[in-house]
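Here the structure is laid out as structure tokens; the discussion comes afterwards.
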Amino acid sequence: MSWINLISEYYGVPTMALRLLLGILLTYPINLVFMWSSISKSSALRQHAFFILSGMILGWWSLGLESMFHGSLSILGTYALLKILGPSYLTTVICFIFCFGYLVVGYILTETDTYDICWTMPHCVLTLRLIAIAFDVWDGTKPKEELGKDQLKNRLERTPSLIEMFSAVFFPASYLIGPQFSFARYHAFIERNSTKQAPQPPIGRTLICLMQGFGYLFFHAIGSIYFPLDWVTSSNYINLHYGPSKVFYTFLWVKVMMSKYIGSWLLTEGSMVLSGLAYDPDASGGDPWDGGRNVRIQKWEFSGNLQDMVDSFNINTNTWAASYVYKRLRFLNNRTISSAATLFFLSIWHGLHSGYYVTFFLEFLMLNFERSVRDVQERFSTIIGKPLRLISGVIYIMLVLPHCFMPFGLPVWEKYWPIIYHSYGMPYGFFLLWPLMASNVKSLILKFVPKKEV
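Residue numbers (the numbering used here): 5 to 458.
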């Protein structure tokens, strides 16, 4: 029995989950080797070779040879399409179908009734990266005045070489679970290193990310003892009388469940900062080292609405979806359809289990609800109204957040449906019926709440 299996058995952690965590942590010494050696100031070719070799070894050790094999095939296929067909609308569509289709076939062949840790995990990350390259190369052929802000920033005037594509995909700090980054930023990172103009990574921020990441993972480990993933499927939970205690415990359960994602993203953010790739001098948020941030903790923990939580969770994937799906559907001239299509895309991207589609469908309903009540919320911006708005926001999140993420954590019908059934369909029924009663409810509230004085 290997030492990994011994640790896994001793602590009761799945072997693949332990390998994934250790793989993320191994990116730190890889970054240090790169930073302290002459490679970080060497030619682009040497840098690419280092990242390809270290990333492939990391993927092989963490997830097996399949991750290297399927990743390499997708890169080779995308590169061949771009070089043979040339950048165009048709080429971009074909690359999209090839990359996304490869991922879907992978899900069909590997999915079980749980959240799977196998070669499809890094493959879903590289799928978006390769699709983005196809779009960016196509954008490089268009007049600049026709492009949006994101397109101008990410456009590529040439197809990346094969070694560049392998290097960007297998970059150790982001290969296993992300985050996403544009090839334009990656190319600038390599160029800064080659010309010895790379800024010194803020070690303090790396250490903070490490401590925060371990903190969330520790909370997940301890919390899972009392609130394991399948706790909400137990008869003790289902038969528990619906009231404040059940709402609180369910909210605590979802916090425990989501903390493993947040902890992992914080660890990868620290690694991205240490590598230097997180540096983005053109960042719109003002902090040039925010390029690897995938979660905004304060906003996530203290949000009073789902929109803020979505904006602070899996940031880079959401940014990618907005840039390469939502905004590309502008020709539909309908934000609702574009939003629905984007969420449907993200559902498929996560997997084929029905729970993913239920999660994003509820998210779609909730975001539409929140947009429709903004005018009501504005009436509560007074000194007296703000505390009421804050309290109602906390109660709202405690009521709906567990239902929104529960089918995501328990993605098969047999697991999540009994929970929905025994909770009488809340909050699905409310958000489905809201469009029918919105006008009457809002007019009633606005009738008794005075307008804010300007």
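Ideal placement from N, C-alpha and C gives every residue a C-beta, glycine not left out.
Validate contact between the stretch 269 to 276 and the stretch 296 to 306 using beta carbons, cut 8 Å, 3 pairs: yes
Identity of the residues DSSP links to V404 by a beta bridge: Paired residue(s): none; V404 is not in a bridge.
Contact set for H224: own chain, Cβ-Cβ below 7 Å, skip 5 residues either direction: V260, S263, K264 and G267
Opposing strand residues paired with V299 [DSSP bridges]: F317
Buried or exposed by the 16-neighbour rule on C-beta atoms within 10 Å, applied to D143: buried
The stretch 356 to 374 in contact with the stretch 336 to 347 per 3-pair CB rule at 8 Å: yes
Span separating the alpha-carbon of F174 from that of I194: 14 Å
Start and end residues, alpha helix (DSSP H) containing W64: A48 to L67
Collapsed DSSP secondary structure at K419 in the structure displayed: helix
Straight-line Cα distance separating D312 from V445: 24 Å
The stretch 148 to 160 touching the stretch 195 to 215, judged by at least three CB pairs closer than 8 Å: no
Delimiting residues of the alpha helix (DSSP H) encompassing G280: Run containing G280: none; DSSP gives neither H nor E here.
Under 9 Å between C-beta atoms of T95 and I137: no
Pick from E70, F100 and Y400 that is closest to M125, judged by C-alpha positions: E70
Alpha-carbon spacing of T363 relative to S178, whole angstroms: 25 Å
Contacts around A172, its chain only, beta-carbon distance under 6 Å, and the 5 residues preceding and following it disregarded: F187 and Y190
Residue environment, G217, which counts as buried when at least 16 other CB atoms sit within 10 Å: buried
Member of S47, I43, L336 and A84 whose CA lies at the smallest distance from the CA of P164: A84
Assumed close pair L407, L366 - CB separation to whole angstroms, cut-off 8 Å: The question names Leu, but residue 407 is His in the sequence shown. The pair is a contact, with the Cβ atoms about 7 Å apart (cut-off 8 Å).
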